[in-house]
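Below: one structure, written as structure tokens.
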Amino acid sequence: MTSNNPQTREWQALSNDHHLAPFSDFKQLKEKGPRIITSAKGVYLWDSEGNKILDGMAGLWCVAIGYGRDELADAASKQMRELPYYNLFFQTAHPPVLELAKAIADIAPEGMNHVFFTGSGSEGNDTMLRMVRHYWAIKGQPNKKVIISRKNGYHGSTVAGASLGGMTYMHEQGDLPIPGIVHIAQPYWFAEGGDMTPEEFGVWAANQLEEKILEVGVDNVGAFIAEPIQGAGGVIIPPETYWPRIKEILAKYDILFVADEVICGFGRTGEWFGSDFYDLKPDMMTIAKGLTSGYIPMGGLIVRDEVVAVLNEGGDFNHGFTYSGHPVAAAVALENIRIMRDEKIIEHVHAETAPYLQSRLRELNDHPLVGEVRGVGLLGAIELVQDKATRKRYEGKGVGMICRTFCFDNGLIMRAVGDTMIIAPPLVITKAEIDELVTKARKCLDLTLSALQA
Ligand code: PXG
6 MTSNNPQTRE
16 WQALSNDHHL
26 APFSDFKQLK
36 EKGPRIITSA
46 KGVYLWDSEG
56 NKILDGMAGL
66 WCVAIGYGRD
76 ELADAASKQM
86 RELPYYNLFF
96 QTAHPPVLEL
106 AKAIADIAPE
116 GMNHVFFTGS
126 GSEGNDTMLR
136 MVRHYWAIKG
146 QPNKKVIISR
156 KNGYHGSTVA
166 GASLGGMTYM
176 HEQGDLPIPG
186 IVHIAQPYWF
196 AEGGDMTPEE
206 FGVWAANQLE
216 EKILEVGVDN
226 VGAFIAEPIQ
236 GAGGVIIPPE
246 TYWPRIKEIL
256 AKYDILFVAD
266 EVICGFGRTG
276 EWFGSDFYDL
286 KPDMMTIAKG
296 LTSGYIPMGG
306 LIVRDEVVAV
316 LNEGGDFNHG
326 FTYSGHPVAA
336 AVALENIRIM
346 RDEKIIEHVH
356 AETAPYLQSR
366 LRELNDHPLV
376 GEVRGVGLLG
386 AIELVQDKAT
396 RKRYEGKGVG
406 MICRTFCFDN
416 GLIMRAVGDT
426 MIIAPPLVIT
436 KAEIDELVTK
446 ARKCLDLTLS
456 ALQA
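The sequence shown begins at 6 in this note's numbering and counts up by one.
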């Protein structure tokens, strides 16, 4: 990006000279220069060039209550003045972390009343892995170590998180996965369903769990982890048959079930948790992102009472982080949850904006580039194809990236995962803003199609 604005150029120079950005091609970013985001309000961002952009991704799936809520800034400021830091290691605690644990227990599924706090979703999943193995060891079954996960799932970027995740491009860097983590097929009908109906494919994909349990041996399997809806993998909504069949399998075998709620949690599906949406009964739930609306880093692991009862018999759990339950993050999370409850944000998503977004998005089905529109709550995906009937892609054209660039240049952030366009706007998006989003999305689909035809 070559800018005429000297301030933009100065920031880009700083990026080139000093900053290593996550999930980026460092050299390519140096040549292009990052877009500099300088402020935000509601569902909109502004960049250093003065462009106003509708953030169809809520940051990175996290800014649930929208940008610019002073209450969260005030909560942080108040807590920083009162007690900016203290740890929870030395048999100490502080009010915000305790009040937050209670607030989370109040909204979590029944019987999930305890929270272990971390600084991120990845750390939440690292905590999960260690807690699962500790749990089985206490129960006298130390061999139950293996965690079953899914291909193209996303569970973070730490060594355990990336290993649990099923992203091969992450595994290739750093000799992952670590031992004791195995992956099964994902329930991604559009890309992998072949000639099966979605219903048949859902059962087939769920049965992979049973096959893997039997292959590894139930005496060696500690847990199954899955996102209720895969986010980073491309907003993959499992066929309706998938979760019911998975639930049957989980009921049959003595393994723990971990729902990674980092994206689905805190209202994304129109329920507090994706587990509520699908009526799952997890033993643990990883949380982050919407917990603080991204205003400050925080993650955690919500743990079922029966699991805690076992852990209570195991002596020290030798695990934790300097910033576990950080008081400022806890104060911000508490205020975030209060706003969600008092303003009935999730109820409004459920009754009003989710149905509206889903029906408006599906209008895009008539576009020649669109092979499928799917979504749940305020999550949506648009599959870009060359042939609608056969679901054939434009091979090697990078259609998703072309579309994403048009979106950015036309004031809309819509992400590309391969040739799947995805959206997850802030939960406070209004119907008028949804209209704007869909209008811009259609325009960018048109521009993408023209570019492909040129
Ligand atoms: N679980 C899930 C389901 C996630 O989506 C994590 C765990 C890890 O959280 P932290 O806080 O450690 O990042 C995530 C994070 C993307 C993208 O490209 C998605 C995430 C992170 C970075 C990029 O969509 N999700």
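Beta carbons: idealized from backbone N, C-alpha and C, even for Gly.
| Check | Outcome |
| --- | --- |
| Extent of the continuous alpha helix (DSSP H) to which Glu128 belongs | 126–143 |
| From Ala237, Val337, His355, Gln33, residue whose alpha carbon lies closest to that of Ala167 | Ala237 |
| Helix, strand or coil at Val120 [DSSP, three-state] | strand |
| The region 122–142 touching the region 357–364, judged by at least three CB pairs closer than 8 Å | no |
| Cα-Cα separation, Leu306 to Pro233 | 15 Å |
| Cα-Cα separation between Glu220 and Arg135, rounded to whole angstroms | 23 Å |
| heavy atom of the ligand PXG below 7 Å from Asp265 C-beta | yes |
| Ser298 versus Gly272: straight-line alpha-carbon distance, rounded | 11 Å |
| Cβ pair Gly279, His355 closer than 8 Å | no |
| Nonlocal neighbours in the same chain, by C-beta distance under 8 Å from Asn184, ignoring five residues either side | The residue asked about is misnamed: residue 184 is Pro in this sequence, not Asn. No residues qualify anywhere along the chain. |
| Nonlocal neighbours in the same chain, by C-beta distance under 6 Å from Lys252, ignoring five residues either side | none |
| Short Cβ contact (8 Å threshold) for Ile230 with Ser329 | no |
| Counted within 10 angstroms of its Cβ, other Cβ atoms place Ala165 as buried (16 or more) or exposed | buried |
| Range covered by the beta strand (DSSP E) that runs through Lys150 | Lys150 -> no beta strand (DSSP E), and no H or E assigned at all. |
| Contact belief for Val390 with Leu457 at Cβ below 8 Å, rounded distance in angstroms | Wrong, their Cβ atoms sit about 11 Å apart, outside the cutoff. |
| Distance cut-off 7 Å: Asn212 Cβ against heavy atoms of the ligand PXG | no |
| Proximity test, Ala237 beta-carbon vs the ligand PXG heavy atom, cut-off 7 Å | yes |
| In DSSP terms, what Ala264 is bridged to | Ala231, Met290 |
| Same chain, Cβ closer than 6 Å to Ala211, five either side skipped, listed in chain order | Tyr247, Arg250, Ile251 |
| Proximity below 8 Å, CB of Gly52 to CB of Ile41 | The residue asked about is misnamed: residue 52 is Asp in this sequence, not Gly. Cβ atoms of Asp52 and Ile41: closer than 8 Å. |
| Beta-bridge pairing of Tyr49 - partner residues as DSSP gives them | Lys46, Leu59 |
| Own chain residues within Cβ distance below 6 Å of Ile407, not counting five before or after | Thr453, Ala456 |
| Span of the alpha helix (DSSP H) around Arg343 | 332–347 |
| Per-residue burial, Ala26 [other beta carbons within 10 Å of its own, 16 or more giving buried] | exposed |
| Status (buried if at least 16 other CB within 10 Å, exposed otherwise) for His188 | buried |
| Leu383 beta carbon less than 8 Å from that of Ala421 | no |
| Range of the contiguous alpha helix (DSSP H) that encloses His324 | Segment: none, His324 is in no alpha helix (DSSP H) and carries neither H nor E. |
| Tyr258 versus Gln235: straight-line alpha-carbon distance, rounded | 24 Å |
| First and last residue of the uninterrupted beta strand (DSSP E) at Ile307 | 304–308 |
| Inter-stretch contact (C-beta, 8 Å, three-pair minimum) for the region 74–86 and the region 308–318 | no |
| Closer than 7 Å: Thr274 CB and nearest the ligand PXG heavy atom | no |
| Burial state of Met463, where buried means 16 or more other Cβ atoms lie within 10 Å | The chain is shown from 6 up to 459; residue 463 falls before or after that span and cannot be answered. |
| Residue environment, Tyr174, which counts as buried when at least 16 other CB atoms sit within 10 Å | exposed |
| Gln191 burial status per 10 Å Cβ neighbour count (16 or more: buried) | buried |
| CA nearest to the CA of Trp194, picked from Pro182, Val208, Ile186, Leu181 | Val208 |
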